[in-house]
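Position in the sequence shown (from 1) plus 16 gives the number in my numbering.
By construction, the Cβ of each residue, glycine as well, lies at the ideal position given by its N, Cα and C atoms.
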Amino acid sequence: MRYLFEYQIGESSSVSIFHGGYLKTGSPIGNADLIAKPTMSKQALLVFACLAVAAWLSCASIVVAQPASLSAERYQTQHDGYVAAFQESLAKLIVNCQARNLPNAVDELLPWQAAVDVAALSDRKLPSKVQPEIQLSLPQDERLWRTEFRAIRQELAKNLYLLSRRVLNAGSTHAAWRLIHEVLWYDSDYGRARTLLGYERYGDEWVTPFAAKKMRDRFVWHDRFGWLPAAHVERYENGERFFRNRWYTAQKESQLRREWAHAWEIETDNYLLKTNVGLEQGVALAKKLEVFHEWFQRAYPAFFNTPEQLKVLFGSTTRRRRALRAPFVVHYYHSKDEYVRRLIAKNPQIAISNGIYTPDDRISHFFVDPNSDIESTIYHEATHQILYELDSKPRRIADNEHFWIVEGFACYIESFRPLSNGVSIGNPDYVRFYFAKEVFTKDDFFVPLDRFASLSKNAYQDPAQISQRYSQASGLVHFYMHYDNGRYRDAMIDHFAALYRPITPGFRVGGMDHFTGVSYATLSQQYREYISALDSNPNRLAAAIQAAAVQAVPPQPAAPAQKP
């Protein structure tokens, strides 16, 4: 069992702490992991409600694994106490509903006694609608139990939010973010937690600052055409298009916009996409990028703020509206020939690629390829773009050492796929992880991790072994993210985030041995064992994708314009 505030340290009782990515010696730190809670049956809950709460406490309040700081153990105990109080109140409410013969209420309340997978909460898409008020017109019994249920959830959310601030001040950034996601699990309308994740309330919806501004300007979101003035929606749905201050047919506009100078420019929350492929195709790609960015920001918040910046955000007593940042720019070309023609001066080898991010002008470039699925390339290059543009300063990233993680992480992220109930990331059947195992087990290729970390960008990209290095880097990120239920995940994210922040001259970012407190010799051995045992089969993944496509619901007629 892993714990929310567990401090996983390595082979010694003293490891290195990184402040803003700079190496300093200090006290033990490590990973903040999950809390696991037992499930209980409906019958056991109703007959033995009090005993069930006691049983939950006996499981959830086990002392944090040693060695751990006293503060971590104290916060774990506080967390367990808050949740146990909620569980006890919930159990009493369920028993009361049972006594009042309210079976529908019992059925609705019972799932809240199930275990909460805190790790998965960051992959969960938050509700966009504000919870409706409990109506006075409801039957009295229903109104009372719903009011009480909402109140105990809001009380727990408040306590967890205050705990997140204390945890952050104690130095556990990752645990603080996990608590924020847990806050929103219990109360999806907790304003300060919503603000931290970049939302603001507009009417009865939670939206981004960009979307709120568009709505205030009387634009609406259309799933096919993107943001439109409300007055234009009906004419667009009837096949007309507005361009250069006049209306054209959709066919005529498409002809005019084929020239790159007249290409569509599609604005979304975080992207400005320019394309001459087609308006609807451009909107489809922009939506895909937005889904990815929203997940990325939830899953890896440590990239977006330093611990010092987070303390300011968490400690704010007001719900300040976040400033709009410059959008990520994406160019989407009608053909590969055009893609190559526009970029060959920047990169003479551009013809062998199917997408690229160019940091000098901060633009991601893609093209239509009817013979292949470029989804993985999109996520790979979007990762490079998001991370590089965390800071406005031009800079070199890992040129002299640790370059493996720059490409290895982007290759890992290629496996991202949105699902109806969350996302899939790191599927072992993805082809990158399959070849990571192949080059190790069949090609006998392995660079010890201390040497691998020391490779500069030029050495890493030496054509002689570049394919094998990409495979090992992909497998290594998978190892750091998933080994022993994510033991090294937080350490790897901290290491990677430090590489992307501007580094003071004379300082350097340490390696994963320092961030984990585990020697490279031990990490190398653990990786060998992990990658050898990885169950990876890309044919299985392809079959699953094909089955999902066969079972997919056929496309439906376009819905009326809706707000996002």
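(request) With a threshold of 16 other CB atoms inside 10 Å of the CB of Ile482, please say whether the residue is buried or exposed. (result) Position 466 of the sequence shown holds residue 482. Ile482 comes out exposed.
(request) Give the single residue among Phe382, Lys327, Pro364 whose Cα lies nearest to the Cα of Glu354. (result) Stepping through the sequence shown from its first residue, residue 354 is reached at position 338. It is Phe382.
(request) Using three-state DSSP, classify Arg591 as helix, strand or coil. (result) The structure shown has nothing for residue 591, since the chain only spans 17 to 580.
(request) Could you say if the stretch 271-284 and the stretch 149-158 meet the contact criterion of at least three C-beta pairs nearer than 8 Å? (result) no
(request) List the endpoints of the continuous beta strand (DSSP E) containing Ile441. (result) If you number the sequence shown from 1, residue 441 lands on position 425. Unbroken run through Ile441: none, as it is neither H nor E.
(message) Suppose only complete runs of 3+ residues qualify. What are the beta strand (DSSP E) ranges in the stretch 304-365, listed by chain order?
(response) 344-349
(request) Note down the Cα distance separating Gly522 from Leu200, rounded to an integer number of angstroms. (result) Stepping through the sequence shown from its first residue, residue 522 is reached at position 506. Stepping through the sequence shown from its first residue, residue 200 is reached at position 184. Here the alpha carbon of Gly522 sits roughly 42 Å from the alpha carbon of Leu200.
(request) Take Glu405 and list the residues in its own chain whose beta-carbon comes closer than 7 Å to its own, dropping the five residues that flank it on each side. (result) Taking the first residue of the sequence shown as position 1, residue 405 is located at position 389. Answer for Glu405: Phe344, Arg378, listed in chain order.
(message) Just list the residues that DSSP pairs Tyr287 with in beta bridges.
(response) Position 271 of the sequence shown, counting from 1, holds the residue named residue 287. BP columns for Tyr287 point to Phe344.
(request) Give, in chain order, every unbroken run of the alpha helix (DSSP H) that is at least 4 residues long and sits entirely within the stretch 382-443. (result) The alpha helix (DSSP H) runs lying completely inside the stretch 382-443 and spanning 4 residues or more are 391-404, 419-429, given in chain order.
(message) Taking its Cβ as the centre, do 16 or more other Cβ atoms sit within 10 Å of Ile196, making it buried, or is it exposed?
(response) Indexing the sequence shown from 1 puts residue 196 at position 180. Ile196 should be labelled buried.
(request) Specify the secondary structure class of Phe241 as computed by DSSP and reduced to three states. (result) Start at 1 with the first residue of the sequence shown, and residue 241 comes out as number 225. Correct three-state label for Phe241: coil.
(message) Given a cut-off of 8 Å on the beta-carbon distance, is the pair Ala266 and Arg257 in contact?
(response) Translated into the one-based positions of the sequence shown, residue 266 becomes position 250. Translated into the one-based positions of the sequence shown, residue 257 becomes position 241. Cβ distance < 8 Å, so Ala266 and Arg257 count as in contact.
(request) Taking only runs that begin and end inside the stretch 171-230, name each unbroken beta strand (DSSP E) of 3 or more residues, in chain order. (result) 216-218, 221-223
(request) Return the bridge partner residues of Trp128 from the DSSP annotation. (result) Taking the first residue of the sequence shown as position 1, residue 128 is located at position 112. In the DSSP output, where bridge partners are listed per residue, Trp128 has none listed.
(message) Alpha carbons only, please: which of Tyr496, Phe330, Lys453, Tyr499 is nearest the one belonging to Ser487?
(response) Here the question's residue 487 lines up with position 471 in the sequence shown. Checking every option, the nearest Cα to that of Ser487 belongs to Lys453.
(request) Could you name the residues that DSSP lists as bridge partners for Val236? (result) For the purposes of this step, residue 236 is identified with residue 220 of the sequence shown, where counting begins at 1. Val236 pairs with Leu244.
(request) Assign Ala135 to one of three DSSP states: helix, strand, or coil. (result) Taking the first residue of the sequence shown as position 1, residue 135 is located at position 119. Looking at Ala135 - three-state DSSP - the assignment turns out to be helix.
(request) Would you check if there are 3 or more beta carbon pairs closer than 8 Å linking the stretch 386-396 to the stretch 423-434? (result) yes
(message) Tell me which residues share the same chain as Gly242 and place their Cβ nearer than 6 Å to its Cβ, disregarding the 5 neighbours each side in the sequence.
(response) The sequence position of residue 242 within the sequence shown is 226, counting from 1. These residues qualify, in order along the chain: Ile282, Val299.
(message) Taking the alpha carbon of Val455 as the reference point, which residue from Leu539, Val132, Arg544 has its own alpha carbon closest?
(response) Here residue 455 refers to the residue found at position 439 of the sequence shown. That would be Arg544, whose Cα lies nearest to the Cα of Val455.
(request) Closer than 6 Å by C-beta to Arg162: which residues in its own chain qualify, once you throw out the five before and the five after it? Chain order, please. (result) Translated into positions along the sequence shown, residue 162 becomes position 146. Around Arg162, the same chain offers Ile150 as residues with beta carbons nearer than 6 Å, after the five sequence neighbours per side are excluded.
(request) Measure how close the beta-carbons of Arg169 and Asp203 come, nearest whole angstrom, since I'm counting them as under 8 Å. (result) Walking along the sequence shown from the start, residue 169 turns up at place 153. Walking along the sequence shown from the start, residue 203 turns up at place 187. Arg169 to Asp203, Cβ: 5 Å. Contact.
(request) Please say whether Ala192 and Phe320 have beta carbons closer to each other than 8 Å? (result) In the sequence shown, counting from the first residue as 1, residue 320 sits at position 304. In the sequence shown, counting from the first residue as 1, residue 192 sits at position 176. No. Outside cutoff.
(request) Look at the Cβ atom of His494, then the Cβ atom of Tyr428, and state whether they are nearer than 8 Å. (result) Locating residue 494 in the sequence shown gives position 478, where the first residue counts as 1. Locating residue 428 in the sequence shown gives position 412, where the first residue counts as 1. Contact flag set, yes.
(request) Can you give me the start and stop residues for the beta strand (DSSP E) that Arg262 sits inside? (result) Locating residue 262 in the sequence shown gives position 246, counting from the first residue. 262-265 is the span of the beta strand (DSSP E), which, as asked, contains Arg262.
(message) Quick check on Ile33: does DSSP put it in helix, strand or coil?
(response) Against the sequence shown, residue 33 aligns to sequence position 17. Unreliable placement is indicated for Ile33, whose pLDDT of 26 sits below 50; no coordinate value is reported for it.
(message) Quick check on Tyr504: does DSSP put it in helix, strand or coil?
(response) What you label residue 504 is simply residue 488 of the sequence shown in a count that begins at 1. It is coil, neither helix nor strand.
(message) According to DSSP, is Lys145 part of a helix, a strand, or is it coil?
(response) On the sequence shown, position 129 is the one that residue 145 refers to. Strand.
(request) Return the CA-CA distance between Gln129 and Leu106, expressed in angstroms with no decimal places. (result) In the sequence shown, counting from the first residue as 1, residue 129 sits at position 113. In the sequence shown, counting from the first residue as 1, residue 106 sits at position 90. About 8 Å.
(message) Classify Ser138: buried if its beta carbon has 16 or more other beta carbons within 10 angstroms, exposed otherwise.
(response) Position 122 of the sequence shown, counted from the first residue, corresponds to residue 138. So Ser138 counts as buried.
(request) Along the alpha helix (DSSP H) that carries Thr538, what are the first and last residues, could you check? (result) If you number the sequence shown from 1, residue 538 lands on position 522. It spans 536-549 - the alpha helix (DSSP H) in which Thr538 sits, taken as one unbroken run.
(request) Find the nearest neighbour of Ala361 within the set Asn437, Thr374, His350, Ser351, judged by alpha-carbon distance. (result) As a position in the sequence shown, residue 361 is number 345, starting the count at 1. When only C-alpha atoms are compared, the closest one is Thr374.
(request) Classify Glu454 as helix, strand or coil using the three-state DSSP reduction. (result) One-based indexing of the sequence shown puts residue 454 at position 438. The answer is helix: DSSP assigns Glu454 an H, G or I state.
(message) Less than 7 Å between C-beta atoms, sequence neighbours within five positions excluded: which residues of the same chain meet that for Gln401?
(response) Counting from 1 along the sequence shown, the entry for residue 401 is found at position 385. The residues are Phe344, Tyr373, Ser380.
(request) Can you check DSSP and say which residues form a bridge with Tyr496? (result) Here the question's residue 496 lines up with position 480 in the sequence shown. According to DSSP, which records beta bridges pairwise, Tyr496 is partnered with nothing at all.
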